[in-house]
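Chains as they are written, first to last, in the numbering used here: chain A, 14 to 239; chain B, 8 to 253.
Quick notes on the structure that follows.
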Amino acid sequence: MIDKRVKSVGEALAGIKDGSVVLLGGFGVVGQPQELLEGLIETGARDLTIVSNNAGFGSPMLPKLFGTGNVSRLICSFPRPTPPEFEELFKRGRIKLEVVPQGTIAERIRAAASGIPAFYTATSVGTKLGDGKETREFDGRTYVMEHALNADVALIQAWKADRWGNLTYRGAGRNFNPVMAQAAELTIVQTRHIVELGELDPETIVTPGIFVDRVVQVDSADPPPA
Amino acid sequence: MSATPLKHLSREEMAARLARDIPDGWYVNLGLGLPTLIPNYIPEGREVVFHSENGILGMGPEPSKHAIDTWLINATKQNITLVPGASIFHHADSFAIIRGGHLDLCVLGAYEVAENGDIANWATSANDTLPGVGGAMDLAAGSRQLWALMEHTTKDGRARLVQRCNYPLTASGVVKRVYTNLAVLEITPRGFEVLDIAPGITFDALQARTDARLHVQAKPAARGAAPKKEERAQPNWNPLSIVPKR
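Structure below.
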């Protein structure tokens, strides 16, 4: 019998190793799994690379994670506004920042999920963020090569899940979550609701359970008004 | 050179001037800042679908205070509404829409636009410690048309329409049109062509505030977004008597 449900956040996050690359769902705080982040802090895993669209401004838990000193690198598209916890570490050279165009982050994750080691995109050609990258011309246009962003762990927020790990999302909380869920070695999901197998309409499941490893139900709060 | 102050368009008038050039049926992404004013000025009867990079097509107006769904946000992370027919999708699909050339138009704010179509809108110096690019490079490189909506000069009077950008580029050779508080310009193989000038501003006054050389429009703009015939016929197009939608 397949049952990906676990009883606690602690159990969901068991075994995360030092040096892990962690994909963190969410755009701002909408769709960002706060309870899983809190659990990640409690594991004490060190030397983490976090992949997140933002640097955690307005987020209850991401700045706290930076504050532990356990994150050595952030890959994001938009680190502003910058929470003080991140800024201080950055100024002291204790954390590396890699700014990547948002669509390139998304596609690098999608490529990793799909077994595609690299791809070409016109995004960043001729800019500082494209400097030094391999380029190639197709039909007269120049493209840069971007590598798949392989990850050890994905932390995902869903709205509904079943014991097979099938997922649906809520509103704009979908954002990076489905593509990140597909791309990591270990995909951990926090969900507001767990439903019986068969209750999710197959036509509306966004993430098929094959991509998911662990599911924990938490009574997480709705995002605050913005 | 010190030019005398001119009466220029307000931010709302700039947004309105651009909005009237967006044809019925277009799919449009709006960048942060000034472009977010545009939906307020789409003329009645035109159906324009707004895309938000975080996975939404069919963004509606701001919610009323009593009907906020905090699960719905736009790229600026403000709460929004959805119009009937709206759809929600994940980030890789959202940027497939962008990168794949499915958007008819993207309107971005900019620090500088050059006569060769280069745009600089994400970092003000090569040494910014914490620059944020967001989706700007994807939008600039991927949209079918890129228009810039921006002040014609900096607050201290330095030109933003330049021969070559000084700030780090967002993308090169992509801007088709520029809407400023003083004029509307098209970027052509010979550089900036002036399509419209705000009321009371002369070509020479505009040139004095522009680093790049300006050209008089050779022929009326060909695309669907061109001003109407009767407007084109007037050498110094003006009215801006635009009533906001709401």
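No residue lacks a Cβ here, since even glycine has one placed at the ideal position from N, Cα and C.
Given that a residue counts as buried once 16 or more other Cβ atoms are within 10 Å of its Cβ, and exposed if not, what is residue i?
| i | result |
| --- | --- |
| Lys17 (chain A) | buried |
| Lys236 (chain B) | Residue placement at Lys236 (chain B) is poorly supported in this model, since its pLDDT is 40, which falls under 50; the coordinates are not used for a value here. |
| Ala131 (chain A) | exposed |
| Arg107 (chain A) | exposed |
| Val157 (chain A) | buried |
| Ser33 (chain A) | buried |
| Ala234 (chain A) | exposed |
| Gly143 (chain A) | buried |
| Gly288 (chain B) | Look at the range of chain B in this structure, 8 to 253, and you will see that residue 288 (chain B) is not part of it. |
Using only alpha-carbon positions, find the residue among the options that is nearest to residue i.
| i | options | result |
| --- | --- | --- |
| Gly28 (chain A) | A:Ala239, A:Ser233, A:Asp226 | A:Asp226 |
| Asn179 (chain A) | A:Gly128, A:Ile88, A:Thr220 | A:Thr220 |
| Trp172 (chain A) | A:Asn163, A:Leu162, A:Arg187, A:Met158 | A:Arg187 |
| Leu112 (chain B) | B:Val120, B:Pro30, B:Tyr118, B:Ile95 | B:Pro30 |
| Ile126 (chain B) | B:Leu168, B:Ala225, B:Thr160, B:Leu137 | B:Leu168 |
| Ala22 (chain B) | B:Lys183, B:Leu44, B:Pro138 | B:Leu44 |
| Pro237 (chain A) | B:Glu51, B:Ser71, B:Lys84, B:Ile204 | B:Lys84 |
| Leu39 (chain B) | B:Gly207, B:Leu146, B:Ala82 | B:Ala82 |
| Glu50 (chain A) | A:Leu213, A:Gln170, A:Leu210 | Glu is not the amino acid found at residue 50 (chain A); the sequence shown has Leu there. Here the closest residue by C-alpha is A:Gln170. |
| Pro97 (chain A) | A:Glu209, A:Val34, A:Gly69 | A:Gly69 |
| Asn61 (chain B) | A:Val42, A:Leu110, A:Leu210, A:Pro76 | A:Val42 |
| Leu16 (chain B) | B:Trp33, B:Asp76, B:Pro138, B:Leu156 | B:Leu156 |
| Val64 (chain A) | A:Thr136, A:Phe91, A:Glu100 | A:Phe91 |
| Val19 (chain A) | A:Ala239, A:Leu213, A:Gln203 | A:Gln203 |
| Glu24 (chain A) | A:Lys146, A:Gly39, A:Glu55 | A:Glu55 |
| Val185 (chain B) | B:His97, B:Leu202, B:Gln170 | B:Leu202 |
| Glu212 (chain A) | A:Phe224, A:Gln195, A:Trp177 | A:Trp177 |
Cα separation between residue i and residue j?
| i | j | result |
| --- | --- | --- |
| Val84 (chain A) | Gly141 (chain B) | 21 Å |
| Thr217 (chain A) | Thr181 (chain A) | 7 Å |
| Leu78 (chain A) | Val191 (chain B) | 48 Å |
| Leu168 (chain A) | His159 (chain B) | 44 Å |
| Val228 (chain A) | Leu37 (chain A) | 15 Å |
| Thr131 (chain B) | Gly124 (chain B) | 18 Å |
| Tyr48 (chain B) | Ser59 (chain B) | 18 Å |
| Gly44 (chain A) | Gly198 (chain B) | 44 Å |
| Ala74 (chain B) | Leu64 (chain B) | 20 Å |
| Arg59 (chain A) | Leu221 (chain B) | 57 Å |
| Leu189 (chain B) | Thr200 (chain A) | 53 Å |
| Glu20 (chain B) | Leu110 (chain A) | 39 Å |
| Leu102 (chain A) | Ile15 (chain A) | 43 Å |
| Arg27 (chain B) | Thr187 (chain B) | 14 Å |
What would DSSP say about residue i, mapped onto helix, strand or coil?
| i | result |
| --- | --- |
| Met193 (chain A) | helix |
| Asp145 (chain B) | helix |
| Arg184 (chain B) | strand |
| Gln85 (chain B) | coil |
| Gln203 (chain A) | strand |
| Asp16 (chain A) | coil |
| Gly32 (chain A) | coil |
| Pro237 (chain A) | coil |
| Thr209 (chain B) | coil |
| Leu44 (chain B) | helix |
| Phe103 (chain A) | helix |
Less than 8 Å separating the beta-carbons of residue i and residue j?
| i | j | result |
| --- | --- | --- |
| Ile207 (chain A) | Asp175 (chain A) | yes |
| Thr148 (chain A) | Thr140 (chain A) | no |
| Phe102 (chain B) | Glu120 (chain A) | yes |
| Val231 (chain A) | Val22 (chain A) | yes |
| Ile87 (chain B) | Glu69 (chain B) | yes |
| Asn163 (chain A) | Gln115 (chain A) | no |
| Val120 (chain B) | Val35 (chain B) | no |
| Gly149 (chain B) | Gly116 (chain B) | no |
| Leu88 (chain A) | Met193 (chain A) | In the sequence under discussion, the amino acid at residue 88 (chain A) is Ile, which differs from the Leu named in the question. Result no, Cβ atoms of Ile88 (chain A) and Met193 (chain A) do not sit closer than 8 Å. |
| Thr62 (chain A) | Arg86 (chain A) | yes |
| Leu79 (chain B) | Gly39 (chain A) | no |
Determine, using beta carbons only, whether residue i comes closer than 8 Å to chain E.
| i | result |
| --- | --- |
| Asn83 (chain A) | Judged by its chain identifiers, the structure shown contains no chain E, and its protein chains are A and B. |
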